[in-house]
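Structure, as structure tokens:
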Amino acid sequence: MPGVVEPPGATTPDLAVPLKAVADPVRLRLLSMIGSHAGGEACVCDLTDAFDLTAPTISHHLKVLRTAGLIGSERRGTWVYYRIIPSAVNRLGELFAPLAAPAAV
1 MPGVVEPPGA TTPDLAVPLK AVADPVRLRL LSMIGSHAGG EACVCDLTDA
51 FDLTAPTISH HLKVLRTAGL IGSERRGTWV YYRIIPSAVN RLGELFAPLA
101 APAAV
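Sequence positions in the sequence shown follow full-length UniProt numbering and run 1 to 105.
Here it is, written out as structure tokens:
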């Protein structure tokens, strides 16, 4: 089909899971908060005050982002710290980059 460009190394089904994950406003905000947090990582305790949601609900949303491959996690004592996986987020950017480019006439 003319004009349809698949990002290199990714297929439409591969991208559907992370796109679905960030389609939720809470998860999109969590992703942004983690990426902009000091040190590039955050624990649930750093994130819950920004939402009118319980810690278990925030943890569920983080699990969806982790399962989608957008964030990684590391347990330190009783806390789990989350960080962005840049390559996964960059793949989403690559998907939309051709759409933002001026169309050839």
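For each residue, glycine too, the CB sits at the ideal point set by N, CA and C.
Residue i in three-state terms, based on DSSP
i: isoleucine 85; result: coil
i: lysine 20; result: helix
i: proline 102; result: coil
i: glycine 77; result: coil
i: threonine 67; result: helix
According to DSSP, residues forming a beta bridge with residue i
i: glutamate 94; result: For glutamate 94, which the question treats as bridged, DSSP gives no partner whatsoever.
i: serine 72; result: Checking the displayed sequence, the identity of residue 72 turns out to be glycine instead of serine. Arg83, per the DSSP bridge assignment.
i: cysteine 45; result: For cysteine 45, which the question treats as bridged, DSSP gives no partner whatsoever.
Proximity winner among the options, relative to residue i (alpha-carbon distances)
i: alanine 42; options: Phe96, Leu95 and Leu62; result: Leu62
i: valine 26; options: Val64, Glu94, Phe96 and Val80; result: Val64
i: aspartate 46; options: Arg91, Leu19, Val17 and Ile34; result: Ile34
i: tyrosine 82; options: Val89, Glu74 and Gly39; result: Glu74
Touch check for the region 94 to 103 and the region 46 to 57: three-plus C-beta pairs under 8 Å?
With contact defined as three or more Cβ pairs closer than 8 Å, the region 94 to 103 and the region 46 to 57 are not in contact.
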